[in-house]
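2 protein chains.
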Amino acid sequence: MQLLKDRIRKDGHVAPGGVLKVDSFLNHQIDIDLYNEIGKEFKRLFSDVPVDKILTVEASGIGLACITAQYFGVPVVFAKKSKSKNIEGGVFSSPVHSFTHGKTYDVMVSVKFLHPDENILIIDDFLANGKAAFGLLDIVAQAGANVSGIGIVIEKGFQKGGTQLRSMGVNLHSLAVIRSMDDEGNLEFDDDPEPAKLEN
Amino acid sequence: MQLLKDRIRKDGHVAPGGVLKVDSFLNHQIDIDLYNEIGKEFKRLFSDVPVDKILTVEASGIGLACITAQYFGVPVVFAKKSKSKNIEGGVFSSPVHSFTHGKTYDVMVSVKFLHPDENILIIDDFLANGKAAFGLLDIVAQAGANVSGIGIVIEKGFQKGGTQLRSMGVNLHSLAVIRSMDDEGNLEFDDDPEPAKLEN
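In structure tokens, the structure reads:
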């Protein structure tokens, strides 16, 4: 998705430790017009599969899932990362290790909101080693539902998550796949003719 | 907002401990059509004040803020509840006690995303004792920005947050104000002629 790649080039930067910072438009401050373009693109990419519900995980996936759901005309369910008084009764649960937060937590969905044979589209902002995606796949499997696909905004193609998911036959679409990046701000998308510097 | 009150009557219920459960349509599974009606209603209620940006707090405020922002044509900023690698540099920060999670955490916004004299509309799903709202007000004040208003989906009118905010002169609009509720499923909105049972 060229609009997204251009925006990453313009407003993204690489922080020490290999963290791609897109917090000015994607996951702290949010450009709603860009989210809508992302939602339309997911609809285009997943127009040939049945989608009854969109599943994501808190926190930064929620806005993307809600805007995207408008183009599919379906509800959103977001997995929670901590047991709260807001989940009662049984849950589908899977442990996920977060690179960003440096800890393992359980992602949880109430058994009330995923049902056998429902067709689930998973949406998230980032895919790196795939831990969150595998947690959500596990939860969908526990429910006996079907995964119609996984839509990712930014995939770190140099980490193993995308390769693993594709080798499993998962219908995965990532709107921008990063082939390489470094602390000097060099960033290469999978379809770039040559690497280019981020603008800041 | 009658549509919302009707939905709470139909699909909400009171869990032990005085927790109003609206997780089938508002804050775990999300009815996107309802969110859009909520967004339109916030636009109507705040049409006479300047709004440059919508501020909310993760997690369940994010989807509401994103859908609502479409009607204002402004970006969203969501405050984070934990320091992660995704916030670098300075932050505006305020301690908030969560009744739902039974602990105190800091809400944080990068100094990059709130600026002096910006007009900020705060959006959240619940208002009870007002802890989250006061935390966000504190953050806006730290930034030197202006609060144009606070839009709340469900206010527990029998707790003190709404009264305190209104007495401070805050431009607060709540789409449904609950005057009383109990563990037997009796729930009364502020404009009900008489209390009525939730349907389940």
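Those protein sequence lines, which keep their order, are chains P and R.
Letter 199 of the first sequence, counting from 1, is numbered 199 in the numbering used here, and no numbers are missing.
Letter 63 of the second sequence, counting from 1, is numbered 63 in the numbering used here, and no numbers are missing.
Positions of the beta carbon are idealized from the N, C-alpha and C atoms, including for glycine.
Are the beta-carbon atoms of L175 of chain R and L20 of chain R separated by less than 7 Å?
Position 175 of the second sequence, counting from 1, holds the residue named residue 175 of chain R. Position 20 of the second sequence, counting from 1, holds the residue named residue 20 of chain R. No. Outside cutoff.
Going straight from the alpha carbon of Y71 of chain R to that of S24 of chain P, what length do you get?
For the purposes of this step, residue 71 of chain R is taken as residue 71 along the second sequence, with counting starting at 1. For the purposes of this step, residue 24 of chain P is taken as residue 24 along the first sequence, with counting starting at 1. Rounded to whole angstroms, Y71 of chain R to S24 of chain P spans 21 Å at the Cα level.
Of all the CB atoms in chain P, is at least one closer than 7 Å to the CB of L69 of chain R?
Numbered from 1 along the second sequence, position 69 holds the residue referred to as residue 69 of chain R. Sequence inspection shows Ala at residue 69 of chain R; the Leu mentioned does not correspond to that position. Cβ-Cβ to chain P under 7 Å: yes for A69 of chain R.
If N119 of chain R and P50 of chain R are in contact, beta carbons under 8 Å, what's the gap, nearest whole angstrom?
In the second sequence, the residue the question calls residue 119 of chain R occupies position 119. In the second sequence, the residue the question calls residue 50 of chain R occupies position 50. Rounded, the Cβ-Cβ distance is 4 Å, consistent with contact.
Please list the partners that E58 of chain P has in chain R, where partner means a Cβ-to-Cβ separation under 9 Å.
Mapped onto the first sequence, residue 58 of chain P falls at position 58. Near E58 of chain P (Cβ distances below 9 Å), the residues of chain R are E58, A59, S60, I62.
Could you check whether the stretch 127-142 of chain R touches the stretch 44-59 of chain R, counting it as contact only if at least three pairs of C-beta atoms, one from each stretch, sit closer than 8 Å?
yes
Within chain R, the residues that S82 of chain P reaches when beta carbons sit closer than 9 Å
Locating residue 82 of chain P in the first sequence gives position 82, counting from the first residue. Under the 9 Å cutoff, chain R gives H101.
Determine the direct distance from the alpha carbon of P95 of chain R to that of T104 of chain R, and round the result to whole angstroms.
The residue you call residue 104 of chain R lines up with position 104 of the second sequence. The residue you call residue 95 of chain R lines up with position 95 of the second sequence. Roughly 7 Å between the two C-alpha positions.
Three-way DSSP call (helix, strand, coil) for A132 of chain R in this model
As a working note, residue 132 of chain R is residue 132 in the second sequence. A132 of chain R: helix per DSSP, three-state reduction.
Strictly under 7 Å for the Cβ-Cβ distance: is I207 of chain R near chain P by that measure?
Past the edges of chain R, shown from 1 to 200, lies residue 207 of chain R, and the structure says nothing about it.
Buried or exposed for A59 of chain R, going by 16 or more other Cβ atoms inside 10 Å?
Working through the second sequence from its first residue, we reach residue 59 of chain R at position 59. Its Cβ being crowded by 16 or more others within 10 Å, A59 of chain R is buried.
Residue range of the alpha helix (DSSP H) that includes E41 of chain R
To locate residue 41 of chain R, count along the second sequence from 1; it is residue 41. Element bounds for E41 of chain R: 32-45.
Buried versus exposed, by CB contacts within 10 Å (16 or more), M168 of chain P:
By one-based count along the first sequence, residue 168 of chain P stands at place 168. Looking at its Cβ environment, which holds fewer than 16 other Cβ atoms inside 10 Å, M168 of chain P is exposed.
Kindly provide the ranges of any alpha helix (DSSP H) runs that are 4 or more residues long and lie completely inside the stretch 54-138 of chain P, ordered along the chain.
60-72
Hey, would you say the C-beta of L127 of chain R is under 6 Å away from at least one heavy atom of the ligand PLP?
Ligands displayed in this structure: none; no statement on the ligand PLP is therefore possible.
Mind listing the chain R neighbours of H97 of chain P? Cutoff is C-beta to C-beta under 8 Å, in chain order.
Position 97 of the first sequence, counted from the first residue, corresponds to residue 97 of chain P. Within 8 Å Cβ-Cβ: nothing; H97 of chain P doesn't reach chain R, min ~14 Å.
With a cut-off of 7 Å, does the C-beta of Q159 of chain P fall near any C-beta of chain R?
Counting from one through the first sequence, the residue named residue 159 of chain P turns up at place 159. With 7 Å as the cut-off, Q159 of chain P does not count as an interface residue toward chain R.
Cβ closer than 7 Å: which chain P residues qualify as neighbours of P193 of chain R?
As a working note, residue 193 of chain R is residue 193 in the second sequence. The premise fails here: P193 of chain R is roughly 30 Å from chain P at the closest Cβ pair, so nothing lies under 7 Å.
Contact check, Y35 of chain R vs I67 of chain R, beta carbons under 7 Å
On the second sequence, residue 35 of chain R is found 35 positions in, with the first residue counted as 1. On the second sequence, residue 67 of chain R is found 67 positions in, with the first residue counted as 1. Contact: yes.
Please identify the residue among P:A65, P:N129, P:H28, P:E194 whose C-alpha is closest to the C-alpha of K43 of chain P.
Counted from its first residue, the first sequence places residue 43 of chain P at position 43. If we check each option's Cα against that of K43 of chain P, P:A65 comes out closest.
Of all the options R:M108, R:D124, R:G130, which has the alpha carbon lying nearest to the alpha carbon of G90 of chain R?
By 1-based counting over the second sequence, the position of residue 90 of chain R is 90. For G90 of chain R, the nearest C-alpha among the options comes from R:M108.
Amino acids of chain B, ordered along the chain, whose beta-carbon sits closer than 8 Å to that of Y35 of chain R:
Given the protein chain composition of this structure (P and R), no chain B is represented.
Kindly say whether F113 of chain P, judged by its beta-carbon, lies nearer than 7 Å to any beta-carbon of chain R.
Here residue 113 of chain P refers to the residue found at position 113 of the first sequence. Yes - at least one Cβ of chain R is within 7 Å of the one on F113 of chain P.
Would you decide whether H115 of chain P is buried or exposed? Buried here means 16 or more other CB atoms lie within 10 Å of its CB.
What you label residue 115 of chain P is simply residue 115 of the first sequence in a count that begins at 1. Burial call: exposed.
Find the nearest neighbour of V14 of chain P within the set P:D182, P:D191, P:F189, P:A196, judged by alpha-carbon distance.
Taking the first sequence and counting its residues from 1, one reaches residue 14 of chain P at position 14. The shortest Cα separation from V14 of chain P among P:D182, P:D191, P:F189, P:A196 belongs to P:D182.
Sequence ranges, alpha helix (DSSP H) only - wholly within the stretch 144-192 of chain R, length at least 4:
161-167
Residue burial classification, E155 of chain R (beta-carbon count within 10 angstroms, cutoff 16):
The residue labelled residue 155 of chain R in the question sits at position 155 within the second sequence. Flag for E155 of chain R reads buried.
Exposed or buried, which one is H97 of chain R when buried takes at least 16 other CB atoms within 10 Å?
For the purposes of this step, residue 97 of chain R is taken as the residue at position 97 of the second sequence. The residue in question, H97 of chain R, is exposed, as its Cβ has fewer than 16 Cβ neighbours within 10 Å.
Between which two residues does the beta strand (DSSP E) containing L20 of chain R stretch?
Translated into positions along the second sequence, residue 20 of chain R becomes position 20. Run containing L20 of chain R: 19-21, per the beta strand (DSSP E) assignment.
Quick test of your reading: D190 of chain R and V170 of chain R, contact by CB under 8 Å. State the CB separation rounded to the nearest angstrom.
Within the second sequence, numbered from 1, the residue matching residue 190 of chain R stands at position 190. Within the second sequence, numbered from 1, the residue matching residue 170 of chain R stands at position 170. Rounded, the Cβ-Cβ distance is 18 Å, inconsistent with contact.
Are the beta-carbon atoms of K160 of chain P and N129 of chain P separated by less than 7 Å?
Along the first sequence, one-based indexing puts residue 160 of chain P at 160. Along the first sequence, one-based indexing puts residue 129 of chain P at 129. The answer is yes: Cβ separation under 7 Å.
Going by DSSP, what residue range makes up the alpha helix (DSSP H) through D6 of chain R?
Along the second sequence, one-based indexing puts residue 6 of chain R at 6. It spans 2-11 - the alpha helix (DSSP H) in which D6 of chain R sits, taken as one unbroken run.
Should E41 of chain R go down as buried or exposed, given a rule of 16 or more other Cβ atoms within 10 Å for buried?
Numbered from 1 along the second sequence, position 41 holds the residue referred to as residue 41 of chain R. Counting Cβ neighbours within 10 Å, E41 of chain R comes out buried, since at least 16 surround it.
Using the three-state DSSP reduction, which class does V49 of chain P fall into: helix, strand or coil?
For the purposes of this step, residue 49 of chain P is identified with residue 49 of the first sequence, where counting begins at 1. V49 of chain P: coil per DSSP, three-state reduction.
Give me, in chain order, the residues of the same chain whose beta-carbon lies closer than 6 Å to that of G39 of chain P; leave out the 5 immediate sequence neighbours on both sides.
Within the first sequence, residue 39 of chain P is the residue found at index 39, counting from 1. Cβ within range, chain order: I67, T68, Y71.
Find the nearest neighbour of G149 of chain R within the set R:G157, R:P193, R:L165, judged by alpha-carbon distance.
Here residue 149 of chain R is taken as the residue at index 149 of the second sequence, counted from 1. It is R:L165.
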